[in-house]
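**Student:** Numbering-wise (full-length UniProt numbering), the sequence shown opens with residue 1 and increments by one.
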Amino acid sequence: MEYVIENSKLKVSISTKGAQMKSIRNQAGKEFLWQGSKNTWEESAPNLFPYVGRLTKETYMFHGKEYHMGIHGFAMLKEFTILEQKEDCITFTLEDDEETRIQYPFSFQFCVTYRLQENEIIITYEVHNKGKKTMYFGLGGHPGFNVPMKDNLNFEDYVIEFEDQTEPIQIGMSEDCFVTENNRKFLLEEGKYLHLKHDLFDNDAIILKDMGKKVTLRSEKGKEEITMLFSNMKYLGIWHWPKTIVDYICIEPWTSLPSRKGIVEELTTQKDLIKLEAKRKYINRFSIRICS
1 MEYVIENSKL KVSISTKGAQ MKSIRNQAGK EFLWQGSKNT WEESAPNLFP YVGRLTKETY
61 MFHGKEYHMG IHGFAMLKEF TILEQKEDCI TFTLEDDEET RIQYPFSFQF CVTYRLQENE
121 IIITYEVHNK GKKTMYFGLG GHPGFNVPMK DNLNFEDYVI EFEDQTEPIQ IGMSEDCFVT
181 ENNRKFLLEE GKYLHLKHDL FDNDAIILKD MGKKVTLRSE KGKEEITMLF SNMKYLGIWH
241 WPKTIVDYIC IEPWTSLPSR KGIVEELTTQ KDLIKLEAKR KYINRFSIRI CS
């Protein structure tokens, strides 16, 4: 089931499955969110919890016991319920159940709130540890945006603009999308631009750290642009389906990384996972600003 929030600038549709945005339109009716394709990527904007990326052998350890989980965790596959709804704001919630506890042995509540503020969508994640033991998790967003945003333009007419004085580091990744030790400087044109080309993603996602706190997707040939702000997200994934020509780009703020190549991670020691003590709450957010 889908729910709609709107204001004088934007109209946003969100599905109860995964609490995933399915549409972002301005009040003229222009669609900015990728609508999915069975030929490549079927999603639009999944929420990633309680893990980001792939686990080696789809497996991790927790205090010596083995657990199994698919790519990007399970939240995107689960039905959420509505906790609160207003005209311009809605909160979805997911709690642990028998199915999740087989994959992830923690008692939790995961809330996703979408709030409209003028031409901006503020997405807030809240994780409540309902159990008696410390829980470990990663989370992030994965929105895909239509590119080009204007008729008669091409994918290659667009850039992702970073903040001034940004010197991002590209995380080394194996061919099968696991973390390696081969990090390197990621050079931006004129110190701030990544010009989009389809072959950028022939080896899958570009994953960055030290990338600043915002990026803007835009073209000099059009007025439409999308700015993403993510002040408390350590990593940024940039992706579209590898080795294809498709009309979208994903800009993905993450708190953590996939597993290391060839290593079945112990959850309590994996770098960057959030450590949340019993009965405590964790909050993080990012936003999407639409200019059209």
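Glycine included, every Cβ here is placed at the ideal spot set by N, Cα and C.
Report the rounded CA-to-CA distance for Pro-143 versus Phe-62, giving the unit in angstroms.
**Tutor:** Taking the first residue of the sequence shown as 1, we reach residue 143 at position 143. Taking the first residue of the sequence shown as 1, we reach residue 62 at position 62. Each residue's Cα considered, the two are about 30 Å apart.
**Student:** Could you name the residues that DSSP lists as bridge partners for Thr-113?
**Tutor:** Residue numbering aside, residue 113 sits at position 113 when the sequence shown is read from its first letter. Beta-bridge pairing links Thr-113 to Thr-91 and Thr-124.
**Student:** Let's test the definition: count the other Cβ atoms within 10 Å of the Cβ of Ile-14 and tell me whether it reaches 16, buried, or not, exposed.
**Tutor:** One-based indexing of the sequence shown puts residue 14 at position 14. Ile-14 should be labelled buried.
**Student:** Are there 16 or more other CB atoms within 10 angstroms of the CB of Gln-20, so buried, or fewer, so exposed?
**Tutor:** Walking along the sequence shown from the start, residue 20 turns up at place 20. Label assigned to Gln-20: buried.
**Student:** Does the separation of the CB atoms of Tyr-193 and Val-215 fall below 7 Å?
**Tutor:** Here residue 193 refers to the residue found at position 193 when the sequence shown is read from its first residue. Here residue 215 refers to the residue found at position 215 when the sequence shown is read from its first residue. Result no, Cβ atoms of Tyr-193 and Val-215 do not sit closer than 7 Å.
**Student:** So, at 8 Å on beta carbons, what are the nonlocal neighbours of Val-12 in its own chain, with the 5 sequence-adjacent residues on each side left out?
**Tutor:** Position 12 of the sequence shown, counting from 1, holds the residue named residue 12. Cβ neighbours of Val-12 beyond the five flanking positions: Val-4, Ile-5, Glu-6, Met-21, Ser-23, Ile-24, Arg-25, Tyr-114, Leu-116 and Ile-121.
**Student:** If I follow the unbroken beta strand (DSSP E) through Gln-85, where does it start and stop?
**Tutor:** For the purposes of this step, residue 85 is taken as residue 85 along the sequence shown, with counting starting at 1. Where Gln-85 is concerned, the enclosing beta strand (DSSP E) stretches over 81-86.
**Student:** Quick check: what's the CA-CA separation for Asp-176 versus Val-147?
**Tutor:** Stepping through the sequence shown from its first residue, residue 176 is reached at position 176. Stepping through the sequence shown from its first residue, residue 147 is reached at position 147. Answer to the nearest angstrom: the Cα atoms are 26 Å apart.
**Student:** Measure the C-alpha to C-alpha separation of Thr-166 and Asp-210 and round it to an integer number of angstroms.
**Tutor:** Position 166 of the sequence shown holds residue 166. Position 210 of the sequence shown holds residue 210. Near 7 Å, if we compare the C-alpha coordinates of Asp-210 and Thr-166.
**Student:** In whole angstroms, what separates the C-alpha of Phe-108 from that of Thr-91?
**Tutor:** Along the sequence shown, one-based indexing puts residue 108 at 108. Along the sequence shown, one-based indexing puts residue 91 at 91. Cα-Cα distance, rounded: 16 Å.
**Student:** Tell me which residues share the same chain as Thr-134 and place their Cβ nearer than 7 Å to its Cβ, disregarding the 5 neighbours each side in the sequence.
**Tutor:** Taking the sequence shown and counting its residues from 1, one reaches residue 134 at position 134. If we look at Thr-134 and ignore the five residues flanking it on each side, its Cβ neighbours are Lys-275, Leu-276, Glu-277 and Ala-278.
**Student:** Would you identify the three-state DSSP class for Arg-285, choosing helix, strand or coil?
**Tutor:** Locating residue 285 in the sequence shown gives position 285, counting from the first residue. Three-state DSSP puts Arg-285 in a strand.
**Student:** To the nearest whole angstrom, what separates the beta carbons of Trp-241 and Thr-40, a pair I think is in contact under 8 Å?
**Tutor:** In the sequence shown, the residue the question calls residue 241 occupies position 241. In the sequence shown, the residue the question calls residue 40 occupies position 40. Their Cβ separation, rounded to whole angstroms, is 4 Å, which keeps Trp-241 and Thr-40 in contact under 8 Å.
**Student:** Should Ala-28 go down as buried or exposed, given a rule of 16 or more other Cβ atoms within 10 Å for buried?
**Tutor:** Here residue 28 refers to the residue found at position 28 of the sequence shown. Under this definition Ala-28 is an exposed residue.
**Student:** Kindly indicate which three-state DSSP category Arg-184 falls into: helix, strand or coil?
**Tutor:** Here residue 184 refers to the residue found at position 184 of the sequence shown. Of the three classes helix, strand and coil, the one that applies to Arg-184 here is strand, per DSSP.
**Student:** Grab the span of the alpha helix (DSSP H) containing Arg-101 for me, first residue to last.
**Tutor:** Looking up residue 101 in the sequence shown gives position 101. That run of the alpha helix (DSSP H) goes 98-103.
**Student:** Based on Cα-Cα distance, which residue from Ile-226, Leu-33, Ala-45 and Met-69 lies nearest to Gly-258?
**Tutor:** Counted from its first residue, the sequence shown places residue 258 at position 258. Note on residue identity: the sequence assigns Pro, not Gly, to residue 258. Minimum Cα distance to Pro-258 is reached at Met-69.
**Student:** By how many angstroms is the C-alpha of Asn-119 removed from the C-alpha of Ile-71?
**Tutor:** Numbered from 1 along the sequence shown, position 71 holds the residue referred to as residue 71. Numbered from 1 along the sequence shown, position 119 holds the residue referred to as residue 119. Each residue's alpha carbon lies about 32 Å from the other.
**Student:** Between the C-alpha atoms of Ser-256 and Glu-266, what's the straight-line distance to the nearest angstrom?
**Tutor:** Taking the first residue of the sequence shown as position 1, residue 256 is located at position 256. Taking the first residue of the sequence shown as position 1, residue 266 is located at position 266. Cα to Cα, Ser-256 sits roughly 14 Å from Glu-266.
**Student:** For Phe-201 and Phe-178, I'd like the C-alpha separation in whole angstroms.
**Tutor:** Mapped onto the sequence shown, residue 201 falls at position 201. Mapped onto the sequence shown, residue 178 falls at position 178. Roughly 15 Å separates the two Cα atoms.
**Student:** Tell me which same chain residues have a C-beta within less than 7 Å of the C-beta of Val-264, skipping the five on either side of it?
**Tutor:** As a first step, residue 264 is located in the sequence shown; it is residue number 264 there, counting from the start. Correct list, in chain order: Thr-56, Lys-57, Thr-59, Tyr-60 and Met-61.
**Student:** Taking Pro-253 as part of the beta strand (DSSP E), name the residues at either end of that continuous run.
**Tutor:** To locate residue 253, count along the sequence shown from 1; it is residue 253. That run of the beta strand (DSSP E) goes 248-254.
**Student:** In the DSSP assignment, find the unbroken beta strand (DSSP E) run with Leu-236 in it and report its ends.
**Tutor:** Walking along the sequence shown from the start, residue 236 turns up at place 236. Where Leu-236 is concerned, the enclosing beta strand (DSSP E) stretches over 235-239.
**Student:** What's the call for Gln-35, buried or exposed, on a 16-neighbour Cβ count within 10 Å?
**Tutor:** The residue labelled residue 35 in the question sits at position 35 within the sequence shown. Under this definition Gln-35 is an exposed residue.
**Student:** In three-state terms, what does DSSP make of Lys-130?
**Tutor:** What you label residue 130 is simply residue 130 of the sequence shown in a count that begins at 1. In the structure shown, Lys-130 sits in coil (DSSP, three-state: anything other than H, G, I, E or B).
**Student:** What is the DSSP secondary structure of Leu-55, counted as helix, strand or coil?
**Tutor:** Numbered from its first residue, the sequence shown carries residue 55 at position 55. Coil at Leu-55, not helix or strand.
**Student:** Identify which residue in Glu-189, Glu-190, Ile-207 and Phe-162 has its Cα closest to the Cα of Asn-182.
**Tutor:** Taking the first residue of the sequence shown as 1, we reach residue 182 at position 182. It is Ile-207 whose Cα lies nearest to the Cα of Asn-182.
**Student:** For Arg-25, which beta-bridge partners are listed by DSSP?
**Tutor:** By 1-based counting over the sequence shown, the position of residue 25 is 25. The partner list for Arg-25 (beta bridge, DSSP) reads Lys-11 and Glu-31.
**Student:** Please report how far the alpha carbon of Ile-82 lies from the alpha carbon of Ile-102, in whole angstroms.
**Tutor:** Locating residue 82 in the sequence shown gives position 82, counting from the first residue. Locating residue 102 in the sequence shown gives position 102, counting from the first residue. Cα to Cα, the separation comes out at about 24 Å.
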